[in-house]
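Student:
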Amino acid sequence: MALTALKVKNAKPGRYVDGRGLCLFVKESGSRSWVLRMQHNGRRRDYGLGSALDVTLTEARDAAAALRRQVRSGIDPVAERRKSRKVVPSFETAARECYEALKDGWKNQNYRNWISSMENHVFPLIGRKPVDQVDSTHVVEVLTPIWLEIPDTARKILQRIGAVLDFAHIKGWREEEAALRSVRKGLPRQTDKVEHFKAMPYADIPAFMKELAAASPTTGRDALRFTIYNAVRSSETRKAVWTEIDFDKATWTIPGERMKAKETHVVPLSKAAVSILRRRWKLRTSDDGLVFSNNGEKPISDMTMTKLLRDAGIKGATVHGFRSAFTDWAAEKTDFPKEVADKALAHKLSNQVEAAYRRTDFFDKRRDLMVVWAEFLGQM
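Residues in the sequence shown are numbered consecutively from 3, following my numbering.
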């Protein structure tokens, strides 16, 4: 006979059947719980429905009916419950775990930039998204801005995203393996031709700098202006720390490990560059933290500066391209020797014999050059 609320309340230790597999189990301790017993995929399985102290007979019957409907629809209720309890990390968290798990097996030291490429190009766009929700559409969104500008890096990033998604599948964070074969169909065809960084014409830069200075100050705008004033690489600006700055001497000493040529580079700072630093000094969170950061600990992404170009309607030009514009300006509008401009860019001499004999870094001449450059840009 079917159970009643009174029978449930007064039931002695044992098993009581309500019908269609719904049972009440009462233990010697007095605890009582609901269980639905069903056949699923040829196996008898028991599904717990909760304590009879919390779940009424009517509620237990409703829950049992819902489970039966799930099973008839081909849904595994146990798997669904596990899925609901599973904590799925963000793409960035999954990527960092993947990096830590794989990096010790890499022989090629160039793969050490694996995580930095993610920080620069991927995390700002999809880093916070749960890793099980990242699909080919999101990957196309990440790659579109860089697919033709830095094709080799873009292809590597595509492979690295795939590795993260496969890692997430193995960890149980994604139900299926990554299917990124369609990504390339959503992107223009790359050529094997080496592409130079696209640069804004140097004659247009003063107006752009004026536009940046007129807008409300942000970490990104400060970083971009500072990068242009000093003709440095964006990574050198993004990772600059206060201990590298000497306000008295108006210099910025970038250690060799952060330079492409692996040699320490001392940048003579113009008044305009120092002015940006002094304003940021008032906003610092510590005396030895990052200069261009919102918390002093995490650098802004490379995309932050690139986005300022896109927001200004400047298509094609890259942040790195301002170094090329500086080179063109120095050659066409000044009398400074090419060697001085090259040293300002921290370029290494291609001729090893000449490099061995030329020990000067043209510091004084470089300071004069950067002053003239700042004057050309318009000191704000």
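Every residue, glycine too, gets a C-beta built ideally from N, C-alpha and C.
Taking the CB atoms as reference points, tell me whether L127 and M305 lie closer together than 9 Å.
Tutor: yes
Student: State whether the region 36–51 contacts the region 10–26, with contact taken as three or more CB pairs (one from each stretch) at a distance under 8 Å.
Tutor: yes
Student: Give me the Cα-Cα distance between L150 and R157, rounded to the nearest whole angstrom.
Tutor: 10 Å
Student: Buried or exposed: L371, going by 16 or more other Cβ atoms within 10 Å of its Cβ?
Tutor: Within 10 angstroms of the beta-carbon of L371 lie 16 or more other beta-carbons, which makes it buried.
Student: Report yes if the C-beta distance between N232 and L271 is below 9 Å; otherwise report no.
Tutor: yes
Student: Please look up how many angstroms separate the CB atoms of V124 and I163, rounded, as I've assumed it's under 8 Å.
Tutor: 7 Å
Student: By DSSP, does M307 sit in helix, in strand, or in coil?
Tutor: Taken through DSSP and simplified to helix, strand or coil, M307 comes out as helix.
Student: May I ask you to list the residues that DSSP assigns as paired with I247?
Tutor: W254
Student: Run the CB neighbour count on D337, radius 10 Å, all protein chains shown included, and call it buried at 16 or more, exposed below.
Tutor: exposed
Student: On the three-pair Cβ rule with 8 Å, is the region 279–298 touching the region 170–178?
Tutor: no
Student: With a 10 Å radius around its C-beta and 16 neighbouring C-beta atoms as the bar for buried, classify V318 as buried or exposed.
Tutor: This sequence places Gly at residue 318; Val is not what is there. Looking at its Cβ environment, which holds fewer than 16 other Cβ atoms inside 10 Å, G318 is exposed.
Student: Does A4 pass the burial test, meaning 16 or more other C-beta atoms within 10 Å, or should it be called exposed?
Tutor: exposed
Student: Using a threshold of 9 Å, state whether the C-beta atoms of T6 and L55 are closer than that.
Tutor: no
Student: Could you have a look at R47 and say whether DSSP puts it in helix, strand or coil?
Tutor: strand
Student: Given this structure, state the Cα-to-Cα distance separating A201 from V321, to the nearest angstrom.
Tutor: A201 and V321: Cα-Cα distance of roughly 8 Å.
Student: Which runs of the alpha helix (DSSP H), 4 residues or longer, sit entirely within the region 104–167?
Tutor: 116–123, 125–128 and 138–145
Student: Taking C-beta to C-beta, are A327 and I207 nearer than 9 Å?
Tutor: yes
Student: Could you give the first and the last residue of the continuous alpha helix (DSSP H) run that contains S324?
Tutor: Checking the sequence, you will find Phe at residue 324 rather than Ser. Element bounds for F324: G323 to K335.
Student: Just how far apart, CA to CA, sit E341 and K264?
Tutor: 19 Å
Student: Would a C-beta distance cut-off of 9 Å place T245 and D290 closer than the cut-off?
Tutor: Cβ distance < 9 Å, so T245 and D290 count as in contact.
Student: Comparing alpha-carbon positions, which option in R39, M211 and T220 lies nearest A66?
Tutor: R39
Student: Mind reading off the beta-carbon distance from L182 to V141? Whole number of angstroms is fine, and I expect it under 8 Å.
Tutor: 6 Å
Student: Between which two residues does the beta strand (DSSP E) containing D20 stretch?
Tutor: Its beta strand (DSSP E) spans residues G16 to G21.
Student: Going straight from the alpha carbon of K2 to that of A376, what length do you get?
Tutor: Outside the displayed range of the chain (3 to 382) lies residue 2, so it cannot be described from this structure.
Student: Between which residues of its own chain and G258 is the CB-CB distance below 7 Å, once the five residues before and five after are set aside?
Tutor: K264, E265 and T266
Student: Using the three-state DSSP reduction, which class does P270 fall into: helix, strand or coil?
Tutor: strand
Student: Taking its Cβ as the centre, do 16 or more other Cβ atoms sit within 10 Å of G222, making it buried, or is it exposed?
Tutor: Counting Cβ neighbours within 10 Å, G222 comes out buried, since at least 16 surround it.
Student: By DSSP's criteria, S75 is part of a beta bridge. Which residues make up the other side?
Tutor: Partner(s): none; S75 has no beta bridge.
Student: With burial defined as no fewer than 16 other Cβ atoms inside 10 Å of the residue's Cβ, what is the status of K241: buried or exposed?
Tutor: buried
Student: By the DSSP assignment, the alpha helix (DSSP H) with V342 in it spans what residues?
Tutor: K340 to A346
Student: Using alpha carbons as the reference points, say which of P339, Q192 and D224 lies closest to L285.
Tutor: D224
Student: For T253, I'd like the list of residues in its chain whose CB is within less than 7 Å of its CB, leaving aside the five on either flank, ordered along the chain.
Tutor: V268, V269, P270 and L271
Student: How would you write the range of the beta strand (DSSP E) that V28 sits in, first residue to last?
Tutor: L24 to V28
Student: Would the C-beta of V269 count as close to the ligand GTP, meaning under 8 Å from any of its heavy atoms?
Tutor: The model on display carries no ligand, and the ligand GTP is accordingly not part of it.
Student: Quick one: grab the DSSP three-state call for W175.
Tutor: coil
Student: Can you tell me the Cα-Cα spacing of F210 and F324, whole angstroms?
Tutor: 12 Å
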